[in-house]
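Engineer: Dropping a structure here in structure tokens format, bear with me for questions.
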Amino acid sequence: MGFIKPGKALRRSRSMKKENSRGSTSDESPYKKSRSNTPTPEVSKIITDKVDDRVISFLERFPDDIAIRIFVCAGPDNSLPLLNRRFHSLFKVDTKAENKKIWPNLSLILQMIRSWYLFDLNSRLDFGVLKKKMAYYHKRLQDIQSRWDQQHDPQLLRRNHWHKQVSLTLLITQSNIEDFESDCFACAINEQILKLKFITLPILDELFHSRVMVTGNIAGKETSSRASIITYDNYLSEMKSRLKFLRIKFQEISFCFEKLDHAVVCNFEESDSLSQDSDRYLTQLQQHEEIILEGNHPLVEYDDENRIPGKDQIEFQNVVQNADSFKTFAFNSIIVSDSKPLPSWILRKGITSIRIFQIVERMKSFGYSLSESESLLSASLDNFRPNLIDLINTREISLANLVLLGPMSKVTDLMVINAFELFNIYEQEDCSKFGRNYAGDTVPEDISKLILNLLQIYYNSDHWNDTALWIYVVEIKSFSLVQVLMKFNEIPPHGIIGSMM
């Protein structure tokens, strides 16, 4: 019939019939592959080795530029450097490199910062719209001046208060828009970058001093500033404040034009008491909405602005006076502040390495205040307690130098007693296992220098009472600490001498 293979028996053998009649058991299937097809363990190992060799060979031949792009896209703390030695070498940052001109992987660091740690402070500003608005108001002022100059004395218009106020407000607004758009103030760095272990003092200086140090003008003041380091909350505040400031500034421009138009119509014959009362001027300004006419583009509004028309507050702005002692306001930027508090994680953990110490020392030039140095010192002292000291590298820390970080306005009894307690603990122990720190001091020597620095500040204050210090050193019976206290106060408080006998 065309489907029968010649020479092939059509009758089944009895053995096959018997095999089929038994049926398949629960753990066998007629479709189950023969065991003879399963590779032996030796063959399986050979196949696996060949696959691994192919994968390793592929990773070894992977183009560097693509690998770096993937690494940057994967973000901080990714595991790509752990895949093989080549990737580990490719993504390694040598924080102790001595040749600053050829810094290994500096471009990779910059890419990571731009991708993951850079804040765009102008994300809510449309500079195209802002420039059109400024062009609209400048043309409007020119039209007023042109029409007036054709029929009247030009100086009469220029001497008018509202003409001066319009010109000044346009100037301040234009200046701030240019500041916002400049490289100096367009972006800021996320403070979380300081947690990265490869951000050491040399790299910090390389990144922000030689590459990001720029000069700009903000709030009418010339300033030379590094790229700012701010928190995420400060970023949100700055970003929202910029739009709010410009919105109110355009309200002021519109308000002043309204007053100028009225003065021109009246030929400056009517006196305006508002021009003499700057406080009432600021109050009325808050209740004014910008008049959007043809050719004037409105600013974008966002849902989280919580705007109440006519009720925008300007108290957060920097109120200044013009040449005629009339008040207006300029932008008060967060990023040029010189009183930012130290990051909470540094205050909580204290100084745990020379890297952190050097970064904290340099943070003063980034607008951070070291007024909380007392809290920083207390947290650092806690790290030297017996149950925690093994978690830090004592060779990289000098407690005595912590006092020199910032102005320590006040040294309390508790701070000195904590230092006394640590000295009493380690004076009696073998501290050779900790070695010497970078200043060449052992742990007891370092703590004793710290005590001397603290007591110097303590006794230089106008009001001090060292009774608690004397009571403590007498209770622990430390002759060494008694001698130290007597260097600053030779006569112990009344009643202490008797307890020392």
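For the sequence shown, position 472 matches number 556 in the working numbering, and the numbering has no gaps at all.
In this text, a Cβ means the ideal position worked out from N, Cα and C, and glycines have one as well.
All values reported here derive from a predicted model rather than from experimental measurement.
Going by the DSSP bridge assignment, what does Asn274 pair with across the sheet?
Structural biologist: Partner(s): Ile314.
Engineer: To the nearest angstrom, report how far apart Lys305 and Thr496 are at their CA atoms.
Structural biologist: Since pLDDT at Lys305 reaches only 42, below the 50 mark, its modelled position is unreliable, and no value is offered.
Engineer: Taking 8 Å as the threshold (C-beta atoms), are Phe175 and Leu192 in contact?
Structural biologist: Their beta carbons are under 8 Å apart, which means Leu192 touches Phe175 by this criterion.
Engineer: DSSP beta-bridge partners for Leu202?
Structural biologist: Paired residues: Ile273.
Engineer: From the DSSP output, in three-state form, read off Thr299 for me.
Structural biologist: The pLDDT assigned to Thr299 is 40, lower than 50, so where the model puts this residue is not dependable; a value taken from the coordinates is nonetheless given after this. It is a strand residue.
Engineer: Which residue wins for smallest C-alpha separation from Lys215, given the options Ala414, Pro165, Pro382 and Asp317?
Structural biologist: That would be Pro382, whose Cα lies nearest to the Cα of Lys215.
Engineer: With distance defined between alpha-carbon atoms, name the residue in Val348, Glu511 and Leu536 nearest to His245.
Structural biologist: Checking every option, the nearest Cα to that of His245 belongs to Val348.
Engineer: Counting along the chain, where does the alpha helix (DSSP H) carrying Val566 start and finish?
Structural biologist: Where Val566 is concerned, the enclosing alpha helix (DSSP H) stretches over Phe563 to Phe572.
Engineer: Give a yes or no on whether 8 Å exceeds the smallest Cβ distance from Glu322 to chain D.
Structural biologist: No chain D is part of this structure, which consists of one protein chain only.
Engineer: Quick one: grab the DSSP three-state call for Tyr220.
Structural biologist: Helix.
Engineer: Which of the three DSSP states, helix, strand or coil, is assigned to Thr365?
Structural biologist: For the sequence presented, residue 365 should be read as Tyr rather than Thr. Of the three classes helix, strand and coil, the one that applies to Tyr365 here is helix, per DSSP.
Engineer: Since Tyr452 sits in a beta bridge, which residues does DSSP pair it with?
Structural biologist: Per DSSP, Lys424.
Engineer: Please say whether Gln249 and Cys37 have beta carbons closer to each other than 8 Å?
Structural biologist: The structure shown does not extend to residue 37, since the chain is modelled only from 85 through 585, so no value can be given for it.
Engineer: Does the separation of the CB atoms of Ile531 and Pro470 fall below 8 Å?
Structural biologist: Cβ distance not < 8 Å, so Ile531 and Pro470 don't count as in contact.
Engineer: For Lys496, report the span of its alpha helix (DSSP H) as first-last.
Structural biologist: Residue identity differs from the one stated: residue 496 is Thr in this sequence, not Lys. Counting along the chain, Thr496 falls outside any alpha helix (DSSP H), and DSSP gives it neither H nor E.
Engineer: Does DSSP classify Thr551 as helix, strand or coil?
Structural biologist: In the structure shown, Thr551 sits in a helix (DSSP, three-state: H, G or I).
Engineer: Relative to the C-alpha of Leu534, which candidate in Leu475, Asn467, Leu461 and Cys268 has its C-alpha closest?
Structural biologist: Checked all of Leu475, Asn467, Leu461 and Cys268; the closest Cα to Leu534 is Leu461.
Engineer: Assign Trp429 to one of two classes, buried (16 or more other C-beta atoms within 10 Å of its C-beta) or exposed (fewer than that).
Structural biologist: Trp429 should be labelled exposed.
Engineer: Check for me: the alpha helix (DSSP H) holding Leu539 runs from which residue to which?
Structural biologist: Counting along the chain, the alpha helix (DSSP H) containing Leu539 begins and ends at Val527 to Asn544.
Engineer: Is it true that the CB of Leu431 sits closer than 8 Å to the CB of Glu456?
Structural biologist: Cβ distance < 8 Å, so Glu456 and Leu431 count as in contact.
Engineer: Indicate whether Gly434 and Asn485 have their beta-carbon atoms separated by less than 8 Å.
Structural biologist: Cβ atoms of Gly434 and Asn485: not closer than 8 Å.
Engineer: Can you name, in chain order, every residue of its own chain whose Cβ lies under 6 Å from the Cβ of Ile261, other than the five neighbours on each side?
Structural biologist: Cβ neighbours of Ile261 beyond the five flanking positions: Leu214.
Engineer: Can you check which of these residues, Phe518, Asp363 and Val500, is closest to Glu480 by C-alpha distance?
Structural biologist: Closest by alpha carbon: Phe518.
Engineer: Hey, Ile438 and Tyr319: beta-carbon distance below 8 Å or not?
Structural biologist: Against a cut-off of 8 Å, the Cβ pair of Tyr319 and Ile438 comes out as no contact.
Engineer: Assign Val500 to buried or exposed, taking buried as 16 or more other Cβ atoms, counted over all protein chains shown, within 10 Å of its Cβ.
Structural biologist: It counts as buried.
Engineer: Quick check: what's the CA-CA separation for Leu472 versus Val566?
Structural biologist: Roughly 27 Å between the two C-alpha positions.
Engineer: Please classify Asp263: does DSSP put it in a helix, a strand, or coil?
Structural biologist: Reduced to three states, the DSSP call for Asp263 is helix.
Engineer: Please tell me whether, using a cut-off of 7 Å, the distance from the CB of Glu456 to the nearest non-hydrogen atom of the ligand FMN is below it.
Structural biologist: This structure simply doesn't include the ligand FMN, nor any ligand for that matter.
Engineer: Would Glu458 and Lys494 be called neighbours here (beta carbons separated by less than 8 Å)?
Structural biologist: Taking 8 Å as the Cβ cut-off, Glu458 and Lys494 qualify as a contacting pair.
Engineer: Candidates Leu205, Asn274, Glu265 and Lys333: which alpha carbon is nearest Thr253's?
Structural biologist: It is Lys333 whose Cα lies nearest to the Cα of Thr253.
Engineer: Determine the DSSP secondary structure at Thr436, reduced to helix, strand or coil.
Structural biologist: Looking at Thr436 - three-state DSSP - the assignment turns out to be coil, as it is neither helix nor strand.
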